[in-house]
Amino acid sequence: MPLTLSAEDMAAGVDRLAEAIREKTAGAPIALIGIRRRGDEVAERVLTRLAEDDRELNFGILDISLYRDDFEHLHENPKLLESDIPFPIEGAHIILVDDVMFTGRTIRAALDALSDYGRPAKVEVAVLIDRGHRELPIQPDYVGITLSTQRHDHVLVSLERTDGVDQVRVCANAPP
Amino acid sequence: MPHKDLLDIVSLERGEIEHLLDQAVPFKDLFTRSVKKVPALKGKSVLMLFYEASTRTHSSFEVAAKRLSADVTNFDVAHSSITKGESVRETIETLQAMRSDFIIVRHGRAGLPGTIARLTRASVINAGDGAHAHPTQALLDAFTIKEKFPDPSGKRVLIVGDILHSRVARSTSTILKKIGVEVAYLGPGSLVPRVGPENIRRFTDYQAAMAWAPDVVYLLRVHMERQDVQYFPSLREYHRLYGVTDARLAEIRARGLYIMHPGPVNRGVELCDAVMDYERSLINDQVENGIAVRMAVLYWLKPGAVMG
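In the order they appear, the protein sequences are chains A and B. When you number the first sequence by the numbering used here, it's gap-free, plus one each residue, and the end is 206. When you number the second sequence by the numbering used here, it's gap-free, plus one each residue, and the end is 326.
What follows is the structure, given as structure tokens:
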């Protein structure tokens with residue numbers, strides 16, 4: 031199966047994300063919250079690139095399993111992982127980070143989860159890959175890579191720490 | 019592979035037990051948030067069917083269900099037709115018509131939750147049936163021990179009291195052995211089964227049991243309302259022989275042992291008053307952990323799988 035995106039493509043995507051965030055939020059304190067799984071790894075990479083900025087940077091991890099709206103359709107409920115938001119989100123400028131944006135339902139769930147932690151001053155969304163096909167009126171503020179896909183394609187993102195390798199593949203059918 | 023029901027510990031594989039214990043951790047983390055509720059079971063209904071009195075287990079399940087946003091209905095057995103002679107089967111048909119997603123059952127007769135589970139599409143959780151099983155108590159006990167001993171393999175738990183009639187002893191020793199903990203029983207000879215689970219040491223003498231060097235002393239509740247009392251000469255005598263007296267507490271403290279009890283405690287029987295302030299008493303941890311593991315169980319079970 032051909033690689034749709036290589037490790038180099040992905041690194042360039044993370045660079046673009048970090049640069050876009052820096053350009054728009056210059057110097058202001060921000061908090062990146064990665065959505066498990068893989069959004070946290072993308073957020074960490076963006077954070078590394080922003081680390082030399084002279085400003086307050088916070089980092090958190092959010093598991094949105096308990097906020098999904100598709101329990102009825104699942105054979106097995108998703109395995110719950112720990113969330114870790116070690117800073118007060120009250121009044122904070124939060125950027126939610128995920129690997130792929132598709133229907134928008136994950137971000138919808140993340141917004142609900144976030145509101146149970148407090149009331150941020152502002153919430154934005156950054157995604158490494160936007161593959162389109164939204165089902166909700168939710169759009170990303172920062173995009174690393176835009177991928178043109180069919181609605182039924184599977185976009186398989188692998189990240190070094192989670193999956194051992196950086197690559198993105200698009201499969202026309204169900205993955206093996 | 020998720021289950022429809024949770025009726026006992028025996029039918030859980032070790033991997034499933036580990037999964038449930040792991041999943042209870044993020045649920046417990048929610049308790050420190052200002053909003054302790056999550057929408058996972060929004061729109062689901064939980065029916066509480068308690069034929070035996072229980073304040074703790076009942077409210078623990080109720081809090082767990084509500085923190086998952088489920089709707090909770092109490093089927094008030096004391097005032098229902100059950101006391102007017104309605105059979106369990108008729109009650110189940112009524113319950114079925116209510117279309118509950120989860121039914122939490124406590125009953126004095128062993129096996130009744132299993133019967134209900136076979137007759138309904140709802141997920142049934144056994145909250146204690148006769149002397150048979152009390153699986154969520156076992157899970158919360160195992161979770162509490164794992165919090166103190168992340169690798170519980172080879173740790174020793176001494177269970178003290180009326181082992182014979184205790185579903186807690188049965189379920190908790192089953193789960194502990196499944197996660198690698200060594201278990202021993204201590205109690206009056208008439209209340210410690212001669213046959214039963216293998217690899218469980220049996221003691222009738224307190225000092226002999228302490229010489230076995232347990233890490234945790236788990237005291238069972240003396241059930242004044244059940245059959246226990248007739249087996250003891252007196253409650254004072256029970257306390258003297260098997261209870262944690264002030265002198266024994268001093269020894270337990272010196273050895274750094276943990277104390278557990280499923281509650282509610284009969285002070286002056288299983289435990290002296292001073293145990294309530296003992297720094298290694300896990301009794302309050304057990305209460306809090308009970309909510310977390312019950313949330314994990316409700317989240318894990320899948321109602322609707324047709325059985326039988």
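Here a beta-carbon is modelled for each residue, glycine too, at the ideal position from N, C-alpha and C.
*Can you find a CB in chain B that lies within less than 9 Å of the CB of Asn88 (chain A)?*
False, the Cβ-Cβ gap to chain B never drops below 9 Å.
*Exposed or buried, which one is Trp318 (chain B) when buried takes at least 16 other CB atoms within 10 Å?*
In this structure Trp318 (chain B) is buried. Its beta-carbon is surrounded by 16 or more other beta-carbon atoms within 10 angstroms.
*For Thr138 (chain B), name the three-state secondary structure that DSSP assigns.*
Residue state, collapsed to three classes: coil.
_Proximal residues of chain A, C-beta to C-beta of Arg51 (chain B) below 8 Å_ = Asp146, Tyr147, listed in chain order.
*asked:* Check this for me: beta carbons of Thr179 (chain A) and Val187 (chain A), under 9 Å apart or not?
replied: Cβ atoms of Thr179 (chain A) and Val187 (chain A): not closer than 9 Å.
*asked:* Would Leu92 (chain A) and Ile60 (chain A) qualify as a contact pair, given that the criterion is a beta-carbon distance under 9 Å?
replied: Not closer than 9 Å, so no.
*Is there a Cβ from chain A that is less than 9 Å from the Cβ of Asp47 (chain B)?*
Yes, contact with chain A.
*If you measure from the beta carbon of Ala143 (chain A) to each beta carbon in chain B, is any gap under 9 Å?*
Between Ala143 (chain A) and chain B, the shortest Cβ-Cβ separation is below 9 Å.
*From which residue to which residue does the alpha helix (DSSP H) around Ser189 (chain B) run?*
185-196 is the extent of the alpha helix (DSSP H) around Ser189 (chain B).
*When burial is assigned at 16 or more other CB atoms within 10 Å of the CB, is Leu217 (chain A) buried or exposed?*
It is not possible to answer for residue 217 (chain A), since the shown part of chain A is limited to 31 through 206.
*On a CA-only basis, which of B:Asn217, B:Asp295, B:Leu65 is nearest Gly172 (chain B)? Give me that one, please.*
For the set B:Asn217, B:Asp295, B:Leu65, the Cα lying nearest the Cα of Gly172 (chain B) is the one of B:Asn217.
*So, are the CB atoms of Val293 (chain B) and Leu267 (chain B) less than 9 Å apart?*
Inclusion of Val293 (chain B) and Leu267 (chain B) in the CB contact set at 9 Å is warranted, their separation being smaller than that value.
_Taking 8 Å as the cut-off, is the beta-carbon of Arg219 (chain B) closer than that to any non-hydrogen atom of the ligand COA?_
For the structure depicted, the ligand COA is absent and the ligand set is empty, with no information on it obtainable.
*Using a Cβ-Cβ distance under 9 Å, would Leu35 (chain A) count as near chain B?*
At a cut-off of 9 Å between C-beta atoms, Leu35 (chain A) does not count as an interface residue with respect to chain B.
*Since Ala202 (chain B) is in the alpha helix (DSSP H), which residue starts that stretch and which ends it?*
From DSSP, Ala202 (chain B) is part of no alpha helix (DSSP H) but of the beta strand (DSSP E) over 200-204.
_Between which two residues does the beta strand (DSSP E) holding Val173 (chain A) run?_
That run of the beta strand (DSSP E) goes 172-176.
_Three-way DSSP call (helix, strand, coil) for Val293 (chain B) in this model_ = Correct three-state label for Val293 (chain B): helix.
_In whole angstroms, give me the CA-to-CA distance for Tyr296 (chain B) and Arg271 (chain B)._
Roughly 8 Å separates the two Cα atoms.
*How far does the beta strand (DSSP E) with Phe68 (chain B) in it reach, from first residue to last?*
Per DSSP, Phe68 (chain B) is one residue of the beta strand (DSSP E) stretching across 63-68.
*Contact check, Leu38 (chain B) vs Ala314 (chain B) under 8 Å by CB: the rounded distance?*
Confirmed, about 5 Å.
_Segment contact, 8 Å Cβ cut-off, at least three pairs: the stretch 98-117 of chain A with the stretch 60-80 of chain A_ = When C-beta atoms of the stretch 98-117 of chain A are compared with those of the stretch 60-80 of chain A, three or more pairs fall below 8 Å, so the two segments count as touching.
_Here's the rule I'm using: 16 or more other beta-carbon atoms within 10 Å means buried, otherwise exposed. How should Ala140 (chain B) be labelled?_
Classification for Ala140 (chain B): buried.
*Measure the Cβ-Cβ separation of Ser63 (chain B) and Phe120 (chain B) and say whether it is below 9 Å.*
Note that the C-beta distance between Ser63 (chain B) and Phe120 (chain B) is below 9 Å.
*asked:* Counting only Cβ-Cβ distances shorter than 7 Å, please list the residues of the stretch 19-48 of chain B near chain A, keeping chain order.
replied: Within the stretch 19-48 of chain B, the residues whose Cβ lies closer than 7 Å to any Cβ of chain A are, in chain order, Pro20, Gln41, Val43, Pro44, Asp47.
*asked:* So, with DSSP's three-state summary, where would you put Ala41 (chain A)?
replied: Three-state DSSP puts Ala41 (chain A) in a helix.
*Gly179 (chain B) classed as buried or exposed, judged by whether at least 16 other C-beta atoms fall within 10 angstroms*: Residue environment: Gly179 (chain B) is assigned as buried (16 or more neighbouring CB atoms within 10 Å of its CB, all protein chains considered).
*In chain C, which residues lie with their C-beta within 8 Å of the C-beta of Ser113 (chain A)?*
The displayed structure is made up of protein chains A and B, and chain C is not among them.
*So Met313 (chain B) is in the alpha helix (DSSP H); what residue range does that whole segment cover?*
Here the alpha helix (DSSP H) through Met313 (chain B) covers 301-318.
*asked:* Could you tell me which whole beta strand (DSSP E) segments of length 3 or greater appear in the stretch 111-179 of chain B?
replied: 120-125, 141-147, 174-178, all fully within the stretch 111-179 of chain B.
*Which class does Thr55 (chain A) belong to by DSSP, given the choice of helix, strand or coil?*
Looking at Thr55 (chain A) - three-state DSSP - the assignment turns out to be helix.
_Counting only Cβ pairs nearer than 8 Å, list the residues of chain B close to Asp100 (chain A)._
Result: empty, since nearest Cβ-Cβ is about 11 Å, beyond 8 Å.
*Does DSSP classify Gln225 (chain B) as helix, strand or coil?*
Shown here, Gln225 (chain B) sits in a helix according to DSSP, grouped into three states.
*Integer-rounded CB distance, given that Ile175 (chain A) should sit under 8 Å from Leu35 (chain A)*: With 8 Å as the limit, Leu35 (chain A) and Ile175 (chain A) qualify as a contact, their Cβ atoms being about 7 Å apart.
*Checking contacts by CB at 9 Å: is Val56 (chain B) closer than that to chain A?*
Judged by the 9 Å Cβ criterion, Val56 (chain B) is in contact with chain A.
*Where does the unbroken alpha helix (DSSP H) through Leu253 (chain B) begin, and where does it stop?*
Following the DSSP letters along the chain, one finds Leu253 (chain B) inside the alpha helix (DSSP H) bounded by residues 253-260.
*If Arg185 (chain B) and Gly146 (chain B) are in contact, beta carbons under 8 Å, what's the gap, nearest whole angstrom?*
For a cut-off of 8 Å, the C-beta gap from Arg185 (chain B) to Gly146 (chain B) is around 6 Å, short enough to register as a contact.
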